[in-house]
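Chains as they are written, first to last, in this note's numbering: chain W, 9 to 341; chain E, 9 to 341.
Glycine residues also receive a C-beta, built at the ideal position from the N, C-alpha and C atoms.
Inspection log for the structure reproduced underneath, given as C-alpha cells.
There are 2 protein chains.
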Amino acid sequence: MPENHVARLAQRPKGEVKDSDFDIREEAIADPGDGEFRVRSQYVSLDPAMRGWMNEGKSYVPPVGIGEVMRGYAAGTVEASRNPKFSEGDTVTGLFGVQTHALSDGKGVAHADTSLAPLQTWVGGLGMPGLTAYYGLLKVAEAKAGETVVVSAASGAVGQVVGQIARLTGCRAVGIAGGPDKCRALTEDFGFDAAVDYKAGNLFADLRTAAPDGIDVDFENVGGDIFDTVLAQMNPFGRVAVCGLISMYNATELPPGPKNLRNVLVMRLRIQGFIVFDFARHNSETLKTLGGWYKDGKLKFKEDVREGGIAAFPATLRQLYTGGNFGKLILKL
Amino acid sequence: MPENHVARLAQRPKGEVKDSDFDIREEAIADPGDGEFRVRSQYVSLDPAMRGWMNEGKSYVPPVGIGEVMRGYAAGTVEASRNPKFSEGDTVTGLFGVQTHALSDGKGVAHADTSLAPLQTWVGGLGMPGLTAYYGLLKVAEAKAGETVVVSAASGAVGQVVGQIARLTGCRAVGIAGGPDKCRALTEDFGFDAAVDYKAGNLFADLRTAAPDGIDVDFENVGGDIFDTVLAQMNPFGRVAVCGLISMYNATELPPGPKNLRNVLVMRLRIQGFIVFDFARHNSETLKTLGGWYKDGKLKFKEDVREGGIAAFPATLRQLYTGGNFGKLILKL
Numbered sequence: 009m010p011e012n013h014v015a016r017l018a019q020r021p022k023g024e025v026k027d028s029d030f031d032i033r034e035e036a037i038a039d040p041g042d043g044e045f046r047v048r049s050q051y052v053s054l055d056p057a058m059r060g061w062m063n064e065g066k067s068y069v070p071p072v073g074i075g076e077v078m079r080g081y082a083a084g085t086v087e088a089s090r091n092p093k094f095s096e097g098d099t100v101t102g103l104f105g106v107q108t109h110a111l112s113d114g115k116g117v118a119h120a121d122t123s124l125a126p127l128q129t130w131v132g133g134l135g136m137p138g139l140t141a142y143y144g145l146l147k148v149a150e151a152k153a154g155e156t157v158v159v160s161a162a163s164g165a166v167g168q169v170v171g172q173i174a175r176l177t178g179c180r181a182v183g184i185a186g187g188p189d190k191c192r193a194l195t196e197d198f199g200f201d202a203a204v205d206y207k208a209g210n211l212f213a214d215l216r217t218a219a220p221d222g223i224d225v226d227f228e229n230v231g232g233d234i235f236d237t238v239l240a241q242m243n244p245f246g247r248v249a250v251c252g253l254i255s256m257y258n259a260t261e262l263p264p265g266p267k268n269l270r271n272v273l274v275m276r277l278r279i280q281g282f283i284v285f286d287f288a289r290h291n292s293e294t295l296k297t298l299g300g301w302y303k304d305g306k307l308k309f310k311e312d313v314r315e316g317g318i319a320a321f322p323a324t325l326r327q328l329y330t331g332g333n334f335g336k337l338i339l340k341l
Numbered sequence: 009m010p011e012n013h014v015a016r017l018a019q020r021p022k023g024e025v026k027d028s029d030f031d032i033r034e035e036a037i038a039d040p041g042d043g044e045f046r047v048r049s050q051y052v053s054l055d056p057a058m059r060g061w062m063n064e065g066k067s068y069v070p071p072v073g074i075g076e077v078m079r080g081y082a083a084g085t086v087e088a089s090r091n092p093k094f095s096e097g098d099t100v101t102g103l104f105g106v107q108t109h110a111l112s113d114g115k116g117v118a119h120a121d122t123s124l125a126p127l128q129t130w131v132g133g134l135g136m137p138g139l140t141a142y143y144g145l146l147k148v149a150e151a152k153a154g155e156t157v158v159v160s161a162a163s164g165a166v167g168q169v170v171g172q173i174a175r176l177t178g179c180r181a182v183g184i185a186g187g188p189d190k191c192r193a194l195t196e197d198f199g200f201d202a203a204v205d206y207k208a209g210n211l212f213a214d215l216r217t218a219a220p221d222g223i224d225v226d227f228e229n230v231g232g233d234i235f236d237t238v239l240a241q242m243n244p245f246g247r248v249a250v251c252g253l254i255s256m257y258n259a260t261e262l263p264p265g266p267k268n269l270r271n272v273l274v275m276r277l278r279i280q281g282f283i284v285f286d287f288a289r290h291n292s293e294t295l296k297t298l299g300g301w302y303k304d305g306k307l308k309f310k311e312d313v314r315e316g317g318i319a320a321f322p323a324t325l326r327q328l329y330t331g332g333n334f335g336k337l338i339l340k341l
C-alpha cells in the first residue's frame, strides 16, 4: 500500500535552510471525509515566500507550525472524492503542502485545464508567478506604454513573465540577472530589450546603458544593493512594486536599507509592497488573459523541474536563495 | 539712501552650513523695469529644503548658483511698481530670495490678505508649510477618519499643521518631537492625541503606547532611525508620505536606509515622496480651506520669528537641522 511522503517543519531555521529543519517522513494515507477529496500531487512549486512562512512572527499569513506539513502550492490529480465539485481524475492546483498525498475540502482549489497547458505550468507561469507578475506590473506599478521597466531576478519565475508582459504593454523591458547564460536567455528566449548581469561588477554603469532614459518602473524581487542601484536611476514619478526581497530572506540580522531613499523624495517615487493573494478576486479574469497570451505563443514560461521527490525538498529550496535555479523551480514528485 | 542686504551663495557647503558658505553684502537697490515691481521683504521663511537647494546635482529645482542670491520664500510690501497687478502698499508673498529688497515680474507671487492673518503667517501656516501638510496628509497618504496618523518633527512648521488637520479629518494624531516642552505643546496647544519624545530613548515602546492600534499613516519629515521605528509599527496597507528627510540633509555620505523595508512587502505599505510644488494648481482652493479653519480658530500656527536681519541668516538656518527651533522658523528683516 502506498504511503504519504511528507515534509514537516522540524524547527525554525536560523539563516539558510538546513536539511535538519525538516522532518521527512512516510505516513499512512488517510481517506477523504464527507465533502473532502484526496489529491495525489505531482508537482510542488518552490517559492521564495516559503522562507518567510517558516519564521515566527506577524506576517500576511500565519507561520507554519512546528510539526505541521510545510505549506506549498502544488498540482496533482484527484484520486478519491466525496466532494461533488471534484471527481476522480480531475487535475487541480491548490495549497496542498509539501507531500505526495493531501486531503482538501476544495477551498482555494482550482481546476487545471491540461489541454491548454501541461500540469507543471499550472504551478508556474499560469500559477502564482504569472499572476504575481501581472498584478505587480499593471495594477501596483501601473506600467504604461513607452515607459522603461526594470525587473530584478529577471530569469526567475516571476521576472521572466514581468519582462514579457512589459513588452506586450509597449514598455522597454530591462532584466537584471546573474551570469551570461541567464542574461542571454532574457533577450533571446523571452524578448527582453536588454539584460544586465549583476555579477559582472558594473551594475550602475551597465544599467545606465540598458536604460539610457532612466527607469520609470522597478519590479523589485531582490532588495539590497541591486534595489539601491535601481533606485538611484529612477525617473521623476517612478513606481516601485515590491514583490520580493530575496536577498534579505535568510538574513539573521536586518541588513541596512536603501541609501538612495532621498530619491524617493526628490523624484517623488512611489514604493508599494504587494502580495498576490490581495488580488485573488481578479484571478479568473487574469488567467484568461495570461492563458490567451500563452496559447497564442506571446508568453513563454521557463520551468526548472527537479527530480528526487519529497526527500529532495530542502536542498532544492536552498537553490532559490543562491541563484541555483533558472526559471520557475518545481519539484516533481 | 537704503541699501539691499543680501545673502549670496559663496560656496557649496560640505555637511553643516557654515557662515562662510554665504557672502552677506550690501548692494545698491535697483528700480523696477517695465512690468516689474520692487518689494521690501519683511519676513523670510527658513525651510529644510534650503539645504538641498545649495547642493549641486539633479533635483526637482535647479541648485542655487555660486554667487546667486540664496533662494527663499518671503513676505513683504510693494514699494514701487510698474506692474498693473501690484500696487504700492500691497502685501505679497513669493520666492523673493534671502534679501531685503527684490525685483519681481509677479510670477508665482500671491497677495497676502493681512485682515485674515498677520503677514508672518503668510510664510508660515498659510504659506508652504500649511499647503505641504494638507497635500501630504490628504492627497498623498490619503488619511481617512478613524485611522492613526504619526508625524515626525511634529512641532515643526509642517508637523504641527499635519496633526491638526489629522484631527479635523477624524484621525488619531500622534506627534514625535524632541524634548518635553515640544511634546507638551503638541497635546496642549495643538490638540494632538498623543506626543512621543524621541530624545527620551524609548521610541519603540513609547510609540506603541501612543499608537496602540498600530500606525496607518506616517507623515515623514525626518528619516533615519525615527522613520525605521515607525515603519516597524505600520498596519497592513499603511501609507507613508515622504515630505522630508531632515536627518539626512547635512550628511556628507549617504546613511543606510530603513532596515524594516521587509515591512513594505509584508504589510503592503505604500511609500510616496512628494513636493508641494506638484500640487500648485490646487493652492487657491486649499488656502481657502486652511484660511477658513484658521479664521474659525480650528487651526493654530506656532511661528518662531528670529531677529537679526540678513546677517543672522546662516546661523538661523542651522537651527533647523539641530532641532533648535520650535514652530515655523522665520527671519524678520
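| query | result |
| --- | --- |
| Whole-angstrom distance between Arg289(W) and Gly65(E), CA atom to CA atom | 45 Å |
| Residues that Ile283(E) contacts on chain W, provided the C-beta gap is smaller than 9 Å | Leu273, Val274, Arg276 |
| Asp27(W) burial status per 10 Å Cβ neighbour count (16 or more: buried) | exposed |
| Proximity to Phe334(E) [Cα-Cα], best of Ala165(E), Ala153(E), Asp29(E) | Ala165(E) |
| Coarse secondary structure for Gln172(E), derived from DSSP in three states | helix |
| Runs of beta strand (DSSP E) lying entirely within the region 212-242 of chain E, each at least 3 residues, in chain order | 223-228 |
| Whether Asn243(E) touches Thr324(E) by CB criterion (9 Å) | no |
| Range of the contiguous alpha helix (DSSP H) that encloses Phe321(E) | 321-330 |
| Neighbour flag for Ile279(W) against chain E, beta carbons, 9 Å | yes |
| Cβ pair Gly100(E), Gly80(E) closer than 9 Å | According to the sequence displayed, residue 100(E) carries Val and not Gly. No, these two residues do not count as a Cβ contact at 9 Å. |
| Cutoff 6 Å; reference Asp226(W); Cβ partners in own chain excluding five residues on either side | Val158, Val238, Val248 |
| Contact list for Val159(W) against chain E, beta-carbon separation under 7 Å | Near Val159(W) there are no residues of chain E at all, since even the closest Cβ is about 16 Å away, more than 7 Å. |
| 7 Å Cβ cut-off: residues of chain E touching Val250(W) | Val272, Leu273 |
| Which of helix, strand or coil DSSP assigns to Pro244(E) | strand |
| Extent of the continuous beta strand (DSSP E) run through Thr85(E) | 82-89 |
| Under 7 Å from the C-beta of Pro264(W): neighbouring residues of chain E | Pro264, Gly265, Lys267 |
| Three-state class that DSSP yields for Phe309(E) in the structure shown | coil |
| Minimum C-alpha distance to Gln128(W) - residue among Asn63(W), Val169(W), Tyr68(W), Asp312(W) | Asp312(W) |
| Exposure label - His109(W); buried when at least 16 CB within 10 Å | buried |
| Buried or exposed (CB count within 10 angstroms, at least 16 for buried), Phe212(E) | exposed |
| Cross-chain neighbours of Leu145(W) in chain E, by beta carbon under 7 Å | Correct list: empty, because the minimum Cβ distance to chain E is about 16 Å. |
| Three-state class that DSSP yields for Asp31(E) in the structure shown | strand |
| Buried or exposed (CB count within 10 angstroms, at least 16 for buried), Val69(E) | exposed |
| Cβ-based burial, His13(W) [other Cβ within 10 Å; buried from 16] | buried |
| Per-residue DSSP class, three states only, for Arg59(E) | helix |
| Chain-ordered residues of the region 65-77 of chain E with a beta carbon less than 7 Å from chain W | Ser67, Tyr68 |
| Where Glu228(W) falls, given that 16 or more other Cβ within 10 Å makes a residue buried | buried |
| Spatial neighbours of Leu341(W) in its chain, beta-carbon cut-off 6 Å, leaving aside the 5 residues before and after | Ser49, Gln50, Thr108, Gly317 |
| Near-chain E residues of the region 215-239 of chain W - C-beta to any C-beta below 8 Å | Gly231, Asp236 |
| Local conformation of Lys340(W) per DSSP, three classes | strand |
| Counterpart residues of Gly102(E) in DSSP-defined beta bridges | Ala82(E) |
| Distance between beta carbons of Ala240(W) and Asn271(W), contact taken as under 8 Å | 6 Å |
| Uninterrupted beta strand (DSSP E) stretches inside the region 175-205 of chain E (no shorter than 3 residues) | 180-185, 202-205 |
| Three-state class that DSSP yields for Leu295(W) in the structure shown | helix |
| Unbroken alpha helix (DSSP H) run spanning Arg270(E), endpoints | 270-274 |
| Under 9 Å between C-beta atoms of Tyr142(E) and Thr330(E) | no |
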